[in-house]
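What follows is a short report on a single structure.
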Amino acid sequence: MTATFAELWNGIAPIGRARNGGYLRYALEEPELVLRDWFRNQAARRDMPVTDDGNGNLFAWWGDQWGHDAVLTGSHFDSVPHGGGFDGPLGIVSAFLAIDEMRRQGRVPRRPIAVVAFVEEEGGRFGVPCLGSRLLSGAIEPEQAAALTDREGITFGEALGGTPAGRLPGLTGRINALVELHIEQGRALDVPVGVASAIWPHGRWRFDFTGIGDHAGTTSMTDRRDPMLTFAYTVLAANKEARLAGAHATMARVEVEPNATNAIPSLVRAWLDARAAETGTLDGVVDAVVKRAHDRAGRDGTEVTVTSESFSAEVTFEKSLAARLSSLLGDVPILPTGAGHDAGVLSAHVPTAMLFVRNPTGVSHSPAEHAEEEDCVAGIGALARVLGDLT
Numbered sequence: 001m002t003a004t005f006a007e008l009w010n011g012i013a014p015i016g017r018a019r020n021g022g023y024l025r026y027a028l029e030e031p032e033l034v035l036r037d038w039f040r041n042q043a044a045r046r047d048m049p050v051t052d053d054g055n056g057n058l059f060a061w062w063g064d065q066w067g068h069d070a071v072l073t074g075s076h077f078d079s080v081p082h083g084g085g086f087d088g089p090l091g092i093v094s095a096f097l098a099i100d101e102m103r104r105q106g107r108v109p110r111r112p113i114a115v116v117a118f119v120e121e122e123g124g125r126f127g128v129p130c131l132g133s134r135l136l137s138g139a140i141e142p143e144q145a146a147a148l149t150d151r152e153g154i155t156f157g158e159a160l161g162g163t164p165a166g167r168l169p170g171l172t173g174r175i176n177a178l179v180e181l182h183i184e185q186g187r188a189l190d191v192p193v194g195v196a197s198a199i200w201p202h203g204r205w206r207f208d209f210t211g212i213g214d215h216a217g218t219t220s221m222t223d224r225r226d227p228m229l230t231f232a233y234t235v236l237a238a239n240k241e242a243r244l245a246g247a248h249a250t251m252a253r254v255e256v257e258p259n260a261t262n263a264i265p266s267l268v269r270a271w272l273d274a275r276a277a278e279t280g281t282l283d284g285v286v287d288a289v290v291k292r293a294h295d296r297a298g299r300d301g302t303e304v305t306v307t308s309e310s311f312s313a314e315v316t317f318e319k320s321l322a323a324r325l326s327s328l329l330g331d332v333p334i335l336p337t338g339a340g341h342d343a344g345v346l347s348a349h350v351p352t353a354m355l356f357v358r359n360p361t362g363v364s365h366s367p368a369e370h371a372e373e374e375d376c377v378a379g380i381g382a383l384a385r386v387l388g389d390l391t
């Protein structure tokens with residue numbers, strides 16, 4: 001009997017769920033490893049052999065493994081801390097069910113199809129988003145990726161079991177297209193399914209604010225060199241600069257040393273996530289925030305060092321392909337997104353497209369993230385039509 005969306009979705013829903021309803025599914029940690037086993041089991045039930053590219057990305061094959069002109073579809077299992085359950089897994093569940101639907105209809109693809117589960121898309125464990133697709137496409141060197149560390153000091157290489165393999169030889173000849181289905185992560189889609197047009201350029205910058213640690217009760221206010229003040233000013237500056245430019249800027253992760261209630265900190269480390277519709281706007285916002293942080297540090301008697309940790313350039317998905325898919329699906333909307341995706345990384349190398357499933361509240365990266373079952377089923381039907389058209 002063909003599985004239903006509810007059956008597959010309910011089967012993975014408890015995996016990695018925290019008490020607040022959000023998910024802790026970090027790359028190559030237990031919950032995500034359980035999901036990778038689930039992936040292998042679903043593939044086996046469909047007689048789809050599974051391969052690993054040596055970078056941690058899994059591929060379940062319908063047709064020749066890494067045959068010429070394969071069409072890939074899928075997404076990722078990992079989550080941000082306490083994130084929603086639909087971001088990533090919806091694309092993988094939908095991919096398997098879309099293949100079920102094609103088979104039910106008696107469709108036999110002319111090209112190989114692979115369901116893919118990319119590793120470390122969110123960057124929640126090792127700090128670099130879309131790490132698996134960056135490795136697959138050669139956007140990051142294997143040695144650099146292997147040396148990335150999580151908060152416990154474990155490297156990506158150690159978690160993977162060795163140095164990643166890196167770029168897939170003959171990538172452009174082996175992949176004809178990639179279609180990633182994903183929950184829409186804003187409030188721009190008012191019908192069940194849409195098609196992506198572009199991804200905003202975005203990046204992550206680490207700010208290290210340093211000062212002098214001291215006693216909170218005995219150090220006068222005038223004698224303090226408190227990096228927390230510089231950090232607080234920078235958060236407000238980022239908010240202001242983004243609003244003025246029509247961009248997005250967020251400082252939501254922070255580490256403090258010694259992190260004691262009665263001690264002035266010696267170090268505040270924080271991360272800026274910045275995004276904009278155009279690269280020039282993004283550069284302007286980040287430059288302005290960095291300048292204001294340095295200016296404030298001069299007044300506070302502190303210091304600040306800024307390090308760029310990752311950057312994803314603006315992505316414009318192939319317009320003819322997006323228009324073709326929109327027409328195929330009944331002229332559904334074509335819309336941009338400010339969220340990064342593995343499809344965006346691979347778009348520089350192979351034709352890529354994205355299908356969005358409606359998010360009724362627009363909330364994402366949160367336990368409140370949600371998509372209605374009927375919209376998810378509509379997304380599966382749309383993906384099956386797209387795969388049938390491309391193969």
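Numbering (the UniProt record's numbering), first residue to last: 1 to 391. Even for Gly, the Cβ is constructed at its ideal location relative to N, Cα and C. The structure displayed is predicted, hence computed values, not measured ones.
Item                                                                                                                       : Value
Under the three-state DSSP convention, the category A145 falls into                                                        : helix
Span of the beta strand (DSSP E), counted from its first residue to its last, around T72                                   : What sits at residue 72 in the sequence shown is Leu, not Thr. Where L72 is concerned, the enclosing beta strand (DSSP E) stretches over A70 to H76.
Collapsed DSSP secondary structure at I380 in the structure displayed                                                      : helix
Beta-carbon gap between R358 and V193 smaller than 9 Å                                                                     : yes
Outcome for D226 when other beta-carbon atoms lying within 10 angstroms are tallied against a minimum of 16                : buried
Same chain, Cβ closer than 8 Å to A165, neighbours up to 5 away in sequence not counted                                    : D53, G54, N55, L135 and P142
Same chain only: Cβ atoms within 6 Å of L346, ignoring 5 sequence neighbours per side                                      : S133, S137, L178 and T352
At least 3 beta-carbon pairs within less than 8 Å: the region 219 to 236 vs the region 358 to 375                          : no
Minimum C-alpha distance to F317 - residue among V80, I175, V306 and L335                                                  : L335
Same chain only: Cβ atoms within 8 Å of V128, ignoring 5 sequence neighbours per side                                      : E120, R134, I140, A145, L148, E309 and S310
Beta-carbon contacts of V332 that lie in its chain and below 7 Å, excluding the five residues immediately before and after : V191, V193, G194, V195 and S326
Ordered list of alpha helix (DSSP H) runs contained in the region 325 to 358, each at least 4 residues                     : 342 to 346
Short Cβ contact (9 Å threshold) for G83 with E32                                                                          : no
Rounded Cβ spacing between F96 and L8 (contact assumed at less than 8 Å)                                                   : 7 Å
9 Å Cβ cutoff met for D87 and R46                                                                                          : no
Integer-rounded CB distance, given that A293 should sit under 8 Å from T250                                                : So it is not a contact: roughly 15 Å between Cβ atoms.
contact_flag[the region 103 to 115, the region 195 to 213] where n(CB pairs < 8 Å) is 3 or more                            : no
Span separating the alpha-carbon of G170 from that of R103                                                                 : 29 Å
Complete beta strand (DSSP E) runs within the region 45 to 124 (minimum length 3 residues, chain order)                    : 50 to 52, 58 to 62, 70 to 76 and 113 to 118
Proximity test, G83 beta-carbon vs the ligand ATP heavy atom, cut-off 8 Å                                                  : The ligand content of the structure shown is nil, which means the ligand ATP is not present either.
Length of the line joining the Cα atoms of A322 and A384                                                                   : 16 Å
Residue range of the unbroken beta strand (DSSP E) whose run includes E255                                                 : H248 to E257
Y26 (DSSP reduced to helix, strand or coil)                                                                                : coil
Of the residues G284, I212 and V268, the one placed nearest R275, counting alpha carbons only                              : G284
Counted within 10 angstroms of its Cβ, other Cβ atoms place M1 as buried (16 or more) or exposed                           : Only weak support is given to the placement of M1: the predicted model assigns it a pLDDT of 44, under 50, and the value that follows is read from those uncertain coordinates. Exposed is the call here.
Which of helix, strand or coil DSSP assigns to I275                                                                        : The identity of residue 275 in the sequence shown is Arg, whereas the question assumes Ile. Correct three-state label for R275: strand.
Element boundaries [alpha helix (DSSP H), containing N10]                                                                  : F5 to I12
Close Cβ partners of P265 (< 8 Å) along its chain, the five nearest in sequence each way excluded                          : G211, G213, D226, P227, M228, V256, E257, P258 and N259
Whole-angstrom distance between T219 and I301, CA atom to CA atom                                                          : A small fix is needed here, since residue 301 is Gly in this sequence, not Ile. Their backbone Cα atoms lie some 15 Å apart in a straight line.
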